[in-house]
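Each protein sequence line maps, in turn, to chains A and B.
Using full-length UniProt numbering, read the first sequence as starting at 1 and increasing by one per residue.
Using full-length UniProt numbering, read the second sequence as starting at 1 and increasing by one per residue.
We put the CB at the ideal spot given by N, CA and C, even for glycine.
Structure first, commentary second.
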Amino acid sequence: MTTEPEVLLDVEGVEVHFPIKRGVFFDKTVGYVYAVDGMTLQIHRGETYGLVGESGCGKSTFGRALLRLEEPTAGSVTFGGVDVSTLKGEALRTTRRHMQMVFQDPLSSLDPRQTVESLLLEGMQAHGLAKDKKAAGARLRELLAAVGLPAAALRKYPHEFSGGQRQRIGIARALSVDPQLIVADEPVSALDVSVQAQVINLLEDVQEKFGLTYLVIAHDLAVVRHISDRVGVMYLGSLVEEADSDDLYATPLHPYTRALMSAVPIPDPLVEDRREQIILAGDLPSPANPPSGCRFHTRCPWRQEERCDTERPQLRVVEIDGVPASHRVACHFAEQIQSGEIQRHEVDPVAIDPSAATDVEAADAEVVPTQTFTVP
Amino acid sequence: MTTAAPAKTETLLAVRDLVVEFGGRGRPTFRAVDGVSFDVRPGQTVGLVGESGCGKSVTSLAIMGLLPKRGNKVAGSATYDGTDLLTLDDREMRDHRGRDIAMIFQDPLSSLNPVVSIGVQVAEVLQRHRGMKKSTAIAESRDLLDQVGIPDPARRLKEYPHQLSGGMRQRALIAMALACKPRLLIADEPTTALDVTIQAQILNLLKELVVDSGTALIMITHDLGVVAGLCDEVNVLYGGRIVETASRHEVFARPRHPYTTGLLGSIPRLDGSRSEQLAAIPGSVADNIPWTSGCAFAPRCSRALEVCRSEAPPLEQDPTAMEEHTLRCHNPNPAEGGEPA
Ligand SMILES: Nc1ncnc2c1ncn2[C@@H]1O[C@H](COP(=O)(O)OP(=O)(O)O)[C@@H](O)[C@H]1O
Ligand SMILES: Nc1ncnc2c1ncn2[C@@H]1O[C@H](COP(=O)(O)OP(=O)(O)O)[C@@H](O)[C@H]1O
Ligand code: SF4
Ligand SMILES: [Mg+2]
Ligand SMILES: [Mg+2]
């Protein structure tokens, strides 16, 4: 008998559209950057959900939107049964305590004049977890031990640490307020491979120790696959495929996932020499001007005349032998591609001008940056 | 000047005992490159691989004469086609650069002039190094952009670097490098800043280039996956020294240096088992000891012996190897498998 896994985070139709403003006073909205454009997913308590996709596809914006560090322009986020989208003030702060973020370089955004001790205490104090000085001190030492740093690190400053150690401090900081969910945005991508492995192992260790749920965001599919129970593949603002980590690797169904997988170099010449690569043509389209229909149709080697450029495919369960219902894909022709009925063809590459934000004459258009916050 | 010993096949570039020291003016000297030697033959792709700070970029900059004018000392030799590049003056070196040796970098923006159109920049190389007239050079530029897979090249010629995506910029830079039909191309992390599907495009382009034109390639990367697919010969660097050298198949089938195996164990493989923990290398390069007092890797090495902290291991041929395979280690991993793949 299997029990239904408990849904900790329920995300429904989340969108984050950034306005592109123009005019002397930047008062005219001439378009939008469709950074996140319809994300629906559920994360179960205790699991690691990996979100993978190339830069600019909206991963970080999505992660920030979950914690309302970025206001979603549509959709809902429910955390532990509480609708986060409507929370305000104290209630939002309390909920955020249970959802912490770990960044690529977690200390770069922090005050360099603060010691590690005060950096770690900050969050605990904000949430009233450091009232008893002695208990707080003991907790700090416990945290450092958990992330593999000596107690002496408490009196040091961020710049005195190497990249890997700084990430350990970032993880300790996230753990300090005893969260349930950690959103880790590219937690190892700034690190050298040998150190990357240490941090990946550490993330796995503390997950077990503290019973954490993870959303790990990364552009490196090999890292995501290694660390995640389930993986969602994102392309231009939404999921194109979602599956258990091993299923995704065994049977990638979406053309983009297939291309992504075939492009990841594997440190083994025997594998490299006989791999079939799917080289995508051209650049990633701009999220300010996403293609119609299937967002991948401009680069898709399996694109069909009908439907692909007119109808946006939704994530759906496919009817393919051996593919479980937990494996969903947003492609109109997944079954025919898998069976070989539809074959790959050439694609004309399109280059994208990154300086032109929209189709509108964009010479003086400017993307208005939204405010940034640090997690309280 | 010619090199004494005749090589197996002709050698295009022979780097010998390259040392680069930074410092002086009161600051302690620091050896970024500490006796690096390797050969490059025509049409061959040679990899320099290692983590950040191990001396990959400094090695290539020294060969290209591109190190800062002050504050460093270069020793050793880099013999290209009979000439030691390290002895050339600025003008002679500039003549070589662009004519028969070209280099591309991780960040193409830093090598492109932001206020000059792509077409004019490629054409300038053709005018300077191949003596073309401006009109011919512009036409040829168009062909070159086309050749490196830039769509709609006639339009792209008129555009400026910021109007191209990262991948397209790297292609433009490769077009500029190709403009002078170089015999040697040095690529320093050319795909590190790019997304993996774009990386695959660029690596493919480089592969074609090597096959079609016989250009030799020095590929500098931190990514063993890139090395596995691209390089004929692999040099693994640690702390400014080469610690292991062998052919691509040999290195991956029979890695014998603990640092090489450590790196391999650290990488989550897309096709690997998920249940196993990664075999991380403890510590970081900050823990290194200087080569003057032992093996720089000893403090992080799981196989370190006492001698490792007192004596630097020499670079020696692996006696168990069936081919050229050198390593710098007092206590290498046991030879596995025997037969190289
Ligand atoms: N504050 C912002 N204002 C306007 N556009 C933004 C903002 N933040 C991100 N974007 C844009 O949204 C898109 C998605 O960005 P991001 O979420 O950072 O992607 P990823 O993390 O996948 O690389 C990009 O095109 C980016 O330029
Ligand atoms: N101009 C410089 N002055 C002083 N030190 C330098 C300079 N350039 C590089 N270094 C140092 O030399 C070492 C090797 O650097 P580099 O070759 O850039 O490493 P990588 O292998 O990452 O390319 C590093 O420790 C770096 O800090
Ligand atoms: S829907 Fe069409 S364009 Fe999109 S991935 Fe499937 S086949 Fe390709
Ligand atoms: Mg991001
Ligand atoms: Mg470098």
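In terms of Cα proximity to ASP143 of chain B, the closest of B:GLY167, B:ALA179, B:HIS129, B:LEU109 is B:ALA179. For PHE18 of chain A, DSSP records a beta bridge to A:VAL33. Short note on ARG303 of chain A: C-beta closer than 7 Å to some heavy atom of ligand 3. Pairing TYR34 of chain A with PRO42 of chain B, the inter-Cα distance amounts to about 48 Å.
Taking a C-beta cut-off of 9 Å against chain B, the contacting residues of the stretch 247 to 279 of chain A are TYR249, TYR256, ALA259, LEU260, MET261, SER262, ALA263, VAL264, PRO265, ILE266, PRO267, ASP268, PRO269, LEU270, VAL271, GLU272, ASP273, ARG275, GLN277, ILE278, ILE279, listed in chain order. Note: PHE38 of chain B is bridge-paired with B:VAL15 in the DSSP secondary-structure output. Residue state for LEU66 of chain B is assigned as coil, using DSSP reduced to three classes. Within 8 Å of the CB of GLY262 of chain B, the CB atoms of chain A belong to SER194, in sequence order along the chain.
Sequence-distant Cβ neighbours of CYS308 of chain B in its own chain, meaning closer than 6 Å and more than five residues away, are GLY294, CYS295, ALA298, HIS330. Ordered along the chain, residues surrounding ligand 5 are B:SER52, B:LYS56, B:SER57, B:ASP188, B:GLU189, B:ILE220 [Cβ under 7 Å from any heavy atom]. With the criterion CB distance below 7 Å from any heavy atom of ligand 4, the matching residues run A:SER55, A:LYS59, A:SER60, A:ASP185, A:GLU186, A:ILE217 along the chain. About 6 Å separates the beta carbon of SER194 of chain A from that of GLU51 of chain B, a gap short enough to meet the 8 Å contact definition. Between the alpha carbons of ARG99 of chain B and LEU61 of chain B lies a distance of about 17 Å. Excluding sequence positions up to five before and after ALA228 of chain B, its CB lies within less than 8 Å of the CB of ARG248, PHE252, all in the same chain and listed in chain order. For HIS325 of chain B, the uninterrupted beta strand (DSSP E) segment begins and ends at 325 to 327. For ASP90 of chain B, the enclosing alpha helix (DSSP H) starts and ends at 90 to 99. Of all residues in the stretch 322 to 350 of chain A, only ASP348, PRO349, VAL350 place a beta-carbon less than 8 Å from a beta-carbon of chain B. For ASP244 of chain A, the uninterrupted beta strand (DSSP E) segment begins and ends at 238 to 244.
Here the alpha carbons of GLY262 of chain B and ARG258 of chain A stand approximately 29 Å from one another. For PRO68 of chain B, the shortest C-beta to heavy atom distance toward ligand 2 is below 7 Å. Between the stretch 157 to 174 of chain A and the stretch 189 to 206 of chain A there are three or more C-beta pairs closer than 8 Å, enough to call the two in contact.
Remark: the shortest separation between the CB of ALA32 of chain B and any heavy atom of ligand 2 falls under 7 Å. By the criterion of at least three beta-carbon pairs nearer than 8 Å, the stretch 103 to 117 of chain B is in contact with the stretch 155 to 168 of chain B. GLY82 of chain B and ALA14 of chain B have their C-alpha atoms spaced approximately 9 Å apart. For CYS57 of chain A, the Cβ stays outside the 7 Å cut-off from all heavy atoms of ligand 3. Residues are counted here when their Cβ sits less than 8 Å from a Cβ of chain B; for the stretch 211 to 231 of chain A these are HIS219, ASP220, LEU221, ALA222, VAL223, ARG225, HIS226, ILE227, given in chain order. With a cutoff of 8 Å on beta-carbon distance, ASP37 of chain A and GLU15 of chain A are scored as near each other. Chain B places a beta carbon closer than 8 Å to that of ASN201 of chain A, counting this residue as a contact. In chain A, no part has a C-beta under 8 Å from the C-beta of ARG142 of chain B; the shortest such distance is about 14 Å. Excluding five sequence positions before and after THR59 of chain B, the CB atoms of its chain that fall closer than 6 Å to its own CB belong to VAL33, VAL36, given in chain order. Excluding its 5 nearest sequence neighbours in each direction, ILE202 of chain B has C-beta neighbours in its own chain below 8 Å: GLY167, GLN170, ARG171, ILE174, PRO190, THR191, LEU194, listed in chain order. Between GLY50 of chain A and VAL216 of chain A, the CB-CB gap stays under 8 Å. VAL251 of chain B carries a helical assignment under DSSP once its states are collapsed to helix, strand and coil.
8 Å or more divides the Cβ of LYS88 of chain A from the Cβ of VAL116 of chain A. DSSP places VAL264 of chain A in the coil class of the three-state scheme, outside both helix and strand. In terms of beta-carbon proximity, GLU54 of chain A lines the interface with chain B, with at least one pair separated by less than 8 Å.
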